[in-house]
Amino acid sequence: MNNISEKITSYSLESIVGWKGAMSEVYESIKCIVDTDTTVIIRGESGTGKELAANIIHYNSQRAKKPFVKVNIAALPESLIDSELFGYEKGAFTGAVQSKPGRFELASGGTIFLDEIGDMPLSTQVKLLRVLQEREIERLGSVKTTKVDVRILAATHKNLEDMVKLGTFRSDLYYRLNVYPVFLPPLRERKTDIIPLAEHFIAEFCKQHNKTVKRISTPALDMMMSYEWHGNIRELQNCIERAVLMSSDGVIHGYHLSPALQTADFSGTRENRTLKEAVDAFEKELIIETLKSTSGNRSKAAKTLGTTERILGYKCSYHKIDYKHFRSHVKVTKT
């Protein structure tokens, strides 16, 4: 019960990171149906947070303290999908030495989440349609029907409309599932969420790996904001974990990020600078980052950089850096 209470708190609508901009509409959509038993299908590219959305819907609903059963259809062999979902009786097939309830029975009273519903074979789609219409299942090897009180959430990254046209997804099942669709936009369309999400993951991985990261460098921020994030939130999460593990000075620098973000051809940032211009840019970045970390204290900054305060003053003048600006600089703190 304590574990359920923790999840209810963790997945409360108010505690979720990244509900701004393009996601505000998703937030409002979910708020409208959390307290209902409406069937919901969550649409979006891989890595956009469809399972997270399912968790939010369940743990903010009246069924929050009841079972929440997740099934990844794509991960199940086609020959086992029916027995996993609907259960079986003893002797139903070779190896069925005892009866076993399916996922729908285990979820009764609560919610079942059918992830990657687009991968469900047509033969199983017929049985799922019956569950949606009649709220009853029939175990393999049995002629007895069992009523199930379960809310159904589904998710897919596939284009179901095209699948219906091709005959690989039943149109009647599509309309039964499509009662209340929730569309999750890709991360490239919700760039205002990148930094809050990055900060959230930094805090999470610092705790997990016993590391300390105080801020993200300006070039690293620029790289993250200009990247397309084809893997969406999952790719950002993996990128931040790598950066946290590589950081040794409490700062995430551009060179800590994934190689894909650093590839000039991929990011559209191919260098057209001379060697001197590149060195000057690196030197300026290094001085700015050090002044940020020392709150504009030139003496500390010079010591950190292994130079004298006089030379640092000259470099600041050359690069037109006003060290006083950093005395009131607010660090990007990870919460």
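Take any residue in the sequence shown, note its place counting from 1, add 39, and you have its number in the numbering used here.
Built from N, CA and C at the ideal position, the CB exists for glycine as well.
Please read these numbers as outputs of a predicted model, since none were measured by experiment.
Does Lys89 pass the burial test, meaning 16 or more other C-beta atoms within 10 Å, or should it be called exposed? buried
Range of the contiguous alpha helix (DSSP H) that encloses Tyr266: Here Tyr266 belongs to no alpha helix (DSSP H), and DSSP marks it neither H nor E.
Compute the Euclidean distance between the alpha carbons of Met40 and Ile47, then round it to the nearest angstrom. Confidence in Met40 is poor, its pLDDT being 48 and thus under 50, which makes the residue's placement unreliable; the coordinate value appears in the next sentence. Each residue's Cα considered, the two are about 11 Å apart.
At 3 residues or longer, what runs of the beta strand (DSSP E) sit wholly inside the stretch 243-294? none
Per-residue burial, Cys278 [other beta carbons within 10 Å of its own, 16 or more giving buried]: Under this definition Cys278 is a buried residue.
Round the Cβ separation of Arg273 and Gly86 to the nearest angstrom and send it over; I've been treating them as touching at under 8 Å. 3 Å
Just the C-alpha distance for Gly148 and Lys104, rounded to the nearest angstrom, thanks. 9 Å
Please tell me whether Tyr376 and Tyr50 are closer than 8 Å, where the distance is taken between their beta carbons. The structure shown has nothing for residue 376, since the chain only spans 40 to 374.
Val73: which of Gln164, Val56, Leu52, Arg82 sits nearest, CA to CA? Leu52
Proximity of Lys166 and Asp121 at Cβ, strictly below 8 Å: yes
Starting from Glu177, follow the beta strand (DSSP E) in both directions and report where the run begins and ends. 175-177
On the three-pair Cβ rule with 8 Å, is the stretch 138-147 touching the stretch 105-125? yes
Boundaries of the beta strand (DSSP E) in which Ile80 is found, first to last residue: 79-82
Which value, in whole angstroms, describes the spacing of the CA atoms of Gly307 and Asp261? Note on Gly307: pLDDT 46, under 50, position unreliable in the model; the coordinate value appears next. Roughly 13 Å between the two C-alpha positions.
Burial state of Glu155 (16 or more Cβ within 10 Å): It counts as buried.
Whole-number beta carbon distance between Val283 and His248, since they are thought to touch under 8 Å: 6 Å
For Ala193 and Pro225, I'd like the C-alpha separation in whole angstroms. 18 Å
Return yes when the Cβ of Lys186 is within less than 8 Å of the Cβ of Gly157, no when it is not. no
Against chain C, does Thr195 count as a neighbour if the rule is that its beta carbon must be under 8 Å from one of theirs? Structure shown: chain C not included; a single protein chain is present.
Give me, in chain order, the residues of the same chain whose beta-carbon lies closer than 7 Å to that of Phe305; leave out the 5 immediate sequence neighbours on both sides. Summary for Phe305: the model assigns pLDDT 43, below 50, so the residue's position carries little reliability, and this model does not support an answer.
Smallest Cα separation from Leu124: which of Leu168, Val136, Tyr213? The option with the nearest alpha carbon to Leu124 is Leu168.
Cβ-based neighbour list, His292, same chain, cut-off 6 Å, excluding 5 preceding and 5 following: Ser256, Ala259
Please classify Ala92: is it buried, with 16 or more other beta-carbons within 10 angstroms of its beta-carbon, or exposed? buried
Per DSSP, Tyr219 forms a beta bridge with which residues? Val79
First and last residue of the uninterrupted beta strand (DSSP E) at Leu153: 150-154
Using the Cβ count rule (16 or more neighbours within 10 Å means buried), how would you classify Tyr266? buried
If we call anything under 8 Å between Cβ atoms a contact, is Tyr213 one with Leu236? no
With distances taken between CB atoms, is the gap from Val189 to Thr78 smaller than 8 Å? no
Extent of the continuous beta strand (DSSP E) run through Asn111: From DSSP, the beta strand (DSSP E) with Asn111 extends over 107-111.
Quick check: the Cα distance between Lys139 and Ile151, rounded to an integer number of angstroms? 17 Å
Buried versus exposed call for Ser332 [16 or more other C-beta atoms within 10 Å across all chains shown]: Buried, since its Cβ has 16 or more Cβ neighbours within 10 Å.
Suppose the cutoff is 7 Å on Cβ atoms and the five residues either side in sequence are ignored; what does the same chain contact list for Arg227 look like? Glu267, Trp268
Ignore the nearest five residues each way along the sequence and tell me which others in Glu117's own chain have a CB closer than 6 Å to its CB. Pro160
Let me check understanding here. Comparing Cα to Cα, which of Leu296, Ile112, Thr75, Ile360 lies closest to Ile327? Checking every option, the nearest Cα to that of Ile327 belongs to Ile360.
Spatial neighbours of Thr207 within its chain, please: C-beta separation below 8 Å, excluding the five flanking residues on both sides. Leu161
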